[in-house]
Amino acid sequence: MGIAIAWICGLAYPSAAIEVQPIQAQVQLALDRGKEAAAHGHTPETFYVRFGRHDTVHSGGFLVTKLGGLSVLATHMALRGREPSGADIAHVMEASTMLVTAIIYGDSPSLGVNSYLALDQDGRVIKPVTVRADGQARRNTTWPESPKFQAKVVAAFSYTDFDPQAQTTITVFPASGGEIHFSLNFAAID
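The opening position of the sequence shown corresponds to residue 0 in numbering that gives the first Met the number 0, with each subsequent residue numbered one higher.
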C-alpha cells in the first residue's frame, strides 16, 4: 500500500486510503486539522475532496469521507468558538455511507431531475444507496448565456459496497442524456 500526502492548509498529512474504520489517533488528527484550519481562517470546505473542474461551465464535484467529515465538523465548531461533542463525533463515525456530490451545468432548469451517479472500479459498477438532485436548478453566473443553469446530484454510497483503495471512475448520468466521467484514486484520499 502506497502512502499519499494530502495538502491541507499548506501542511502535509500522510494518507493511506479512505478510512472506513478510523482508529482513535486518526480521529484526533482529523479533529486537530479542523481546529487548525479554523485558526488560519479556512472554511470547512477545505476538507472536501474535489474532482473535475471548478468553474461556472464545466462539471465537477466533491466527496466527503469520515475523516474529512470530522475535519469539517471541527472547523465549523472552532469557527464558532466551540468543540464538537462526543455525540457529534459519533454521528460522523457511525455513518454507513459516503456522500458524493456532482455539480452539473445545462440550459434547462430541470437538468438535475432524474439524473444519476455511479462508481466504477475496474469494470465493477457500484450503485448508490440513494440519489437526490435539485428539482429546480439555480441560475448559473453565465445567465443568460449557456450554460444557463447549475444543479447538484448527490449520491450516498455504502462503505461496504466499494473498495476504499481502488482507482475509481465517478460517472454522472444527466437526465438530458450523455455521461460525465471523473477519475479518482481512492488510495490517495483519507
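Idealized CB from N, CA, C, for every residue including glycine.
Query	Result
Return the CA-CA distance between Asn-139 and Asp-133, expressed in angstroms with no decimal places.	14 Å
Here's a check: name, in chain order, each residue in its chain whose Cβ is nearer than 7 Å to the Cβ of Arg-52, leaving out the five neighbours to either side.	Gly-59
Measuring alpha carbon to alpha carbon, tell me which residue in Leu-62, Gln-135 and Ser-157 is nearest Lys-147.	Gln-135
Pick helix, strand or coil for Phe-156, following the three-state DSSP scheme.	strand
Nearest to Ala-220 by alpha carbon, out of Phe-181, Ile-17, Ala-186 and Glu-18?	Outside the displayed span of the chain (0 to 189) sits residue 220, for which this structure offers no information.
Quick one: Cα of Asp-162 to Cα of Thr-168, how far?	12 Å
Under DSSP, the alpha helix (DSSP H) around Gly-68 begins and ends at which residues?	65-78
Determine contact between the region 64-75 and the region 106-118, defined as no fewer than three beta-carbon pairs at a distance below 8 Å.	no
Helix or strand or just coil, what does DSSP make of Val-26?	helix
Go through its chain and collect everything with a Cβ distance to Lys-34's Cβ below 8 Å, but skip five positions before and after it.	Ala-73, Thr-74 and Ala-77
Taking only beta-carbon atoms, is Leu-183 less than 8 Å away from chain B?	Considering every chain present, this structure includes no chain B. It has just one protein chain.
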